[in-house]
DNA sequence: GATGAATGAGCCTTCATTCAT
DNA sequence: AATGAATGAAGGCTCATTCAT
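Protein chains in written order, with my numbering: chain A, 307 to 511; chain B, 307 to 511; chain C, 307 to 511; chain D, 307 to 511.
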């Protein structure tokens with residue numbers, strides 16, 4: 307027990323938190339944050355409403371935690387796959403396909419993530435500071451990759467910060483298409499398409 | 307009267323509707339759809355709450371109408387500017403810069419438009435059928451432009467439907483960056499950047 | 307209308323506020339602040355719960371307003387009757403009997419007033435500043451009367467501030483006895499009793 | 307064991323009860339009955355919430371028991387000190403100063419006791435019958451003292467029952483002033499003041 | 001006996017919508 | 001047509017109490 311660093315209590319607690327998050331993920335994705343009620347989440351999790359509040363201080367916090375977890379997961383996968391790639395082109399390809407694949411397996415996460423992202427547009431102040439950090443962290447990842455590509459002569463000289471965002475946005479858009487069912491291609495095809503356009507746009511030769 | 311196709315009553319009615327929409331545009335953009343109240347809108351419009359319901363059947367419908375109007379305005383400007391351009395490259399440039407400029411002058415519209423767009427991700431069912439039409443209409447515009455470019459030999463042979471969406475998404479992303487204040491470049495610079503990457507990605511030579 | 311200084315709307319609004327306060331007075335007195343619900347008040351007033359919130363911002367504020375109004379009423383009656391008395395003894399008598407009479411006619415007010423007063427003991431911080439002012443205002447009234455009595459030679463030289471409080475407390479206690487039904491004497495008898503003990507205690511001769 | 311009249315189990319049980327009561331005393335005094343939670347009490351006592359319910363059937367009953375114990379303690383001290391005094395004047399003085407001293411050393415008890423006393427005003431029905439007995443018991447104590455004083459010729463002929471209550475109320479008021487921090491005198495001074503006014507009011511000569 | 005996770009009834013407050021004037 | 005008072009359903013959150021371990 308001590309070896310694992312967790313007491314039985316903590317394990318149970320994390321299990322419950324996990325169940326609630328899982329229920330919330332489905333409910334939020336199905337109804338949207340505003341239309342989802344804490345009762346919905348409790349019902350889906352098979353527990354009483356009050357129990358939810360033993361594990362989370364507020365409805366909003368459930369949402370935030372959900373995004374945070376998915377975000378970190380996505381981020382670490384992306385980092386891992388990009389690190390495994392050698393050339394900048396392959397790193398870009400890894401970035402795109404990791405996200406595309408993740409969106410297929412974690413569709414609900416992306417629904418929440420993107421809608422939260424866009425809600426920022428309406429009310430930026432709502433963005434918790436931590437979210438801002440997460441976004442920045444992501445942007446840096448691509449920006450540095452591109453900057454290295456420039457130094458290596460693999461990528462055209464350009465405003466890497468702006469292009470990094472552009473890469474994100476284009477990828478995000480393609481994923482959104484898939485989620486909305488507007489693309490009937492498989493993930494690989496979509497990833498290739500995005501990669502090719504972008505790489506031709508920014509790569510040398 | 308009949309000549310104009312509108313009775314005096316209709317003119318007055320449209321005037322009021324317009325005032326309410328204008329008020330709603332500001333309120334929704336400032337607070338977000340969920341946090342905005344019908345009272346806020348009525349106050350901003352300088353009328354009584356009940357009056358709002360003489361012109362619109364529900365809060366939701368005000369929002370929808372707002373998006374629709376802005377959407378049609380944006381669409382017609384885009385069409386006009388693209389038609390004025392000769393080459394596909396210039397049409398693409400026109401597409402991007404028209405939107406970028408519009409986002410500067412109608413920032414609130416884009417805030418609503420994009421957040422609504424993203425809410426589709428969470429709850430597609432909410433999308434009124436007409437919205438679907440509007441999106442499709444837009445997509446077609448770019449798709450046909452690209453297809454013609456392909457026929458003319460200006461654009462690489464490719465899945466024009468998918469690329470059309472990609473162009474939209476990339477442009478949307480760049481505009482979102484601007485709205486969020488994450489870009490300090492002026493509209494022209496951002497438009498050029500997006501154009502260059504995309505055109506290098508899809509154009510011939 | 308202008309002559310009265312009130313529009314019809316204001317009259318109606320005040321009427322409603324009054325109805326709600328009246329209902330709240332009965333409900334609070336019957337159940338205590340904590341056990342009373344806004345629904346109880348709305349029901350008693352014969353209106354919908356939401357309507358209550360058109361006239362008062364919160365349950366707490368209804369309570370505060372209730373106390374404030376009764377307080378001011380009691381205070382003005384007390385001042386009037388004390389002013390009408392010539393000697394300090396008569397002023398003291400007026401003070402006591404005004405309150406005793408008021409407690410008979412506005413029993414619910416005293417129930418609330420005294421229980422609020424005592425809740426101060428448990429949580430002084432809750433006392434809204436305005437309440438503090440009201441209490442001080444009251445204390446000053448008796449203190450000045452006693453001070454004048456001292457100057458006139460009608461009252462023994464003494465700590466008038468402390469005695470003023472003592473007079474209040476003794477009167478309050480007698481009223482509480484009546485409200486609790488522990489006194490079967492009529493108001494006049496109780497008032498005389500309190501007066502005699504106090505006057506013998508503080509008056510000259 | 308039988309000699310002591312208590313089994314070991316009972317001793318332990320009483321110890322725990324005492325701990326809970328002590329914790330509750332602090333919590334109730336700090337937050338007021340309504341705002342205090344059973345969790346607060348359990349935390350302060352260093353036990354689990356459920357354990358509280360092994361010793362008390364409800365939150366309310368903890369409160370009642372708390373009042374009862376303090377009450378009996380106060381009562382027995384008062385009786386003892388009054389018995390030690392010879393003259394009625396000294397007995398009255400003993401009554402007042404015993405309470406005044408007790409309020410300094412058991413401030414929390416008085417906060418609860420007085421606020422509960424006043425809550426009776428709002429909801430007399432809540433008063434458990436036993437409380438009624440406690441109050442009566444107290445009243446009798448002073449009443450009999452005064453009656454004896456009358457017989458001895460030390461006290462004026464008067465309605466001893468009513469005066470007994472008056473003495474209680476005046477003392478209570480002075481203590482409340484102290485608890486509220488409205489008196490900066492020391493306990494002795496306050497006790498003297500109350501005694502002098504009352505004794506002049508009821509004593510012979 | 002002790003625990004504390006779980007419960008769920010209940011409360012205050014908000015606000016889209018209605019309707020009498 | 002315009003008003004805005006009134007409505008009441010709904011939701012987030014609290015907390016006294018219970019009960020399986």
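A virtual CB, placed ideally from N, CA and C, is assigned to each residue, including glycine.
From which residue to which residue does the alpha helix (DSSP H) around residue 380 of chain C run?
One-based indexing of the third chain puts residue 380 of chain C at position 74. Segment 365-390, the alpha helix (DSSP H) holding residue 380 of chain C.
Considering Cα atoms alone, identify which of C:404, C:502, C:341, C:362 is closest to residue 327 of chain C.
Walking along the third chain from the start, residue 327 of chain C turns up at place 21. Out of C:404, C:502, C:341, C:362, C:362 has the C-alpha closest to the C-alpha of residue 327 of chain C.
Give me the chain A residues within the contact set of residue 410 of chain B, using Cβ-Cβ distance strictly less than 9 Å, ordered along the chain.
The residue you call residue 410 of chain B lines up with position 104 of the second chain. Simply none; closest approach about 14 Å.
Less than 9 Å between the C-beta atoms of residue 481 of chain B and residue 416 of chain B, yes or no?
Reading the second chain from its first residue, position 175 is the one you call residue 481 of chain B. Reading the second chain from its first residue, position 110 is the one you call residue 416 of chain B. Yes, the Cβ-Cβ distance between residue 481 of chain B and residue 416 of chain B is below 9 Å.
How long is the line joining the alpha carbons of residue 451 of chain C and residue 379 of chain C, rounded to whole angstroms?
Here residue 451 of chain C is taken as the residue at index 145 of the third chain, counted from 1. Here residue 379 of chain C is taken as the residue at index 73 of the third chain, counted from 1. In a straight line, the C-alpha of residue 451 of chain C is about 20 Å away from that of residue 379 of chain C.
What residue range does the alpha helix (DSSP H) around residue 319 of chain B cover?
On the second chain, position 13 is the one that residue 319 of chain B refers to. Here the alpha helix (DSSP H) through residue 319 of chain B covers 314-337.
Evaluate the contact criterion for the segment 314-330 of chain B versus the segment 315-331 of chain A: three or more CB pairs, one atom per stretch, below 8 Å.
no
Does DSSP put residue 340 of chain A in a helix, a strand or coil?
Taking the first residue of the first chain as position 1, residue 340 of chain A is located at position 34. In the three-state scheme derived from DSSP, where H, G and I count as helix and E and B as strand, residue 340 of chain A is classed as coil.
My guess is that residue 461 of chain A and residue 472 of chain B are in contact by the Cβ rule of under 8 Å, so how many angstroms apart are they, rounded?
Residue numbering aside, residue 461 of chain A sits at position 155 when the first chain is read from its first letter. Residue numbering aside, residue 472 of chain B sits at position 166 when the second chain is read from its first letter. Going by Cβ atoms, the distance from residue 461 of chain A to residue 472 of chain B rounds to 20 Å, so no, they are not a contact pair.
Check whether the Cβ of residue 359 of chain B lies closer than 9 Å to any Cβ atom in chain A.
As a first step, residue 359 of chain B is located in the second chain; it is residue number 53 there, counting from the start. Not an interface residue.
For residue 403 of chain B, collect the residues of the same chain with a Cβ closer than 7 Å to its Cβ; drop the 5 residues on either side in sequence, then sort them by chain order.
Here residue 403 of chain B refers to the residue found at position 97 when the second chain is read from its first residue. Within the same chain, residue 403 of chain B has close Cβ partners 497.
Using DSSP's beta-bridge definition, name the partner residues of residue 509 of chain A.
As a first step, residue 509 of chain A must be located in the first chain, where it is residue number 203. Paired residues: A:461.
Please determine, among C:438, C:341, C:464, C:448, the residue with the shortest C-alpha to C-alpha distance to residue 396 of chain C.
Along the third chain, one-based indexing puts residue 396 of chain C at 90. Out of C:438, C:341, C:464, C:448, C:448 has the C-alpha closest to the C-alpha of residue 396 of chain C.
Taking the alpha helix (DSSP H) that residue 403 of chain B falls in, what are its first and last residues?
The residue you call residue 403 of chain B lines up with position 97 of the second chain. Per DSSP, residue 403 of chain B belongs to the alpha helix (DSSP H) from 394-411.
Determine the chain C residues that contact residue 340 of chain D at a beta-carbon separation under 7 Å, and present them in chain order.
On the fourth chain, position 34 is the one that residue 340 of chain D refers to. Near residue 340 of chain D (Cβ distances below 7 Å), the residues of chain C are 340.
Is there at least one Cβ from chain B nearer than 9 Å to residue 469 of chain A's Cβ?
Counting from 1 along the first chain, the entry for residue 469 of chain A is found at position 163. So, interface residue.
Just to make sure I have the definition right: I need the residues of chain D whose C-beta is within less than 8 Å of the C-beta of residue 479 of chain C. Which are they?
What you label residue 479 of chain C is simply residue 173 of the third chain in a count that begins at 1. One finds 471, 472, 474, 475, 476, 478, 479 in chain D with Cβ atoms closer than 8 Å to the Cβ of residue 479 of chain C, taken in chain order.
By the criterion of Cβ-Cβ separation under 9 Å, what are the contact partners of residue 483 of chain C in chain D?
Taking the first residue of the third chain as position 1, residue 483 of chain C is located at position 177. Around residue 483 of chain C, the beta-carbon contacts reaching into chain D at under 9 Å are 468, 471, 472, 475.
Coarse secondary structure for residue 362 of chain C, derived from DSSP in three states:
For the purposes of this step, residue 362 of chain C is taken as the residue at position 56 of the third chain. Here residue 362 of chain C sits in coil by DSSP.
Using the beta-carbon of each residue, which ones in chain A are nearer than 7 Å to residue 293 of chain B?
A query on residue 293 of chain B cannot be resolved here, the shown segment of chain B reaching from 307 to 511 and no further.
Interface partners of residue 455 of chain B on chain A, CB under 8 Å:
Position 149 of the second chain, counted from the start, is the residue given in the question as residue 455 of chain B. The contacting residues do not exist; residue 455 of chain B stays about 14 Å from chain A at best.
Assigned secondary structure, residue 453 of chain B (DSSP; H/G/I helix, E/B strand, else coil)
Locating residue 453 of chain B in the second chain gives position 147, counting from the first residue. Residue state, collapsed to three classes: helix.
Using the Cβ count rule (16 or more neighbours within 10 Å means buried), how would you classify residue 414 of chain B?
Within the second chain, residue 414 of chain B is the residue found at index 108, counting from 1. Per the 10 Å Cβ criterion, buried.
Assuming contact is defined by CB atoms lying nearer than 9 Å, are residue 507 of chain A and residue 502 of chain B in contact in what I supplied?
If you number the first chain from 1, residue 507 of chain A lands on position 201. If you number the second chain from 1, residue 502 of chain B lands on position 196. Yes, the Cβ-Cβ distance between residue 507 of chain A and residue 502 of chain B is below 9 Å.
Taking the continuous alpha helix (DSSP H) assigned at residue 479 of chain D, which residues delimit it?
Residue numbering aside, residue 479 of chain D sits at position 173 when the fourth chain is read from its first letter. Taken as a continuous stretch (DSSP letters only), the alpha helix (DSSP H) holding residue 479 of chain D covers 466-485.
Residues in its own chain within less than 7 Å of residue 453 of chain B by CB, not counting five upstream and five downstream?
Locating residue 453 of chain B in the second chain gives position 147, counting from the first residue. The residues 466, in chain order, have a CB closer than 7 Å to that of residue 453 of chain B in the same chain once the five nearest residues on each side in sequence are set aside.
Give a yes or no on contact between the segment 328-340 of chain B and the segment 332-339 of chain C, applying the rule of three or more CB pairs nearer than 8 Å.
no
Residue 513 of chain C, buried or exposed, once every other Cβ within 10 Å from all chains shown has been counted against 16
Because chain C is modelled from 307 through 511, residue 513 of chain C falls outside the range shown and cannot be assessed.
Would residue 503 of chain B pass as an interface residue toward chain A - the criterion being a Cβ-Cβ separation below 9 Å?
Position 197 of the second chain, counted from the first residue, corresponds to residue 503 of chain B. Residue 503 of chain B counts as touching chain A.
What's the call for residue 479 of chain D, buried or exposed, on a 16-neighbour Cβ count within 10 Å?
Locating residue 479 of chain D in the fourth chain gives position 173, where the first residue counts as 1. By the 10 Å Cβ count, residue 479 of chain D comes out buried.
Under 8 Å: does the beta carbon of residue 473 of chain A sit that close to some heavy atom of the ligand HEM?
Only the bare structure without any ligand can be found here, which leaves the ligand HEM out of the picture.
Using 8 Å for Cβ pairs, my map puts residue 373 of chain B next to residue 422 of chain B. What's the rounded Cβ distance?
Counting from 1 along the second chain, the entry for residue 373 of chain B is found at position 67. Counting from 1 along the second chain, the entry for residue 422 of chain B is found at position 116. Correct: roughly 6 Å between the Cβ atoms.
Neighbourhood of residue 405 of chain A by C-beta, 6 Å cutoff - its chain only, sequence neighbours within 5 removed:
On the first chain, position 99 is the one that residue 405 of chain A refers to. Answer for residue 405 of chain A: 477, listed in chain order.
Reduced DSSP category for residue 296 of chain B - H, G, I as helix; E, B as strand; rest coil
Outside the displayed span of chain B (307 to 511) sits residue 296 of chain B, for which this structure offers no information.
Residue-level contact to chain A via CB, residue 489 of chain B, 9 Å cutoff
Within the second chain, the letter at position 183 stands for residue 489 of chain B. Yes - at least one Cβ of chain A is within 9 Å of the one on residue 489 of chain B.
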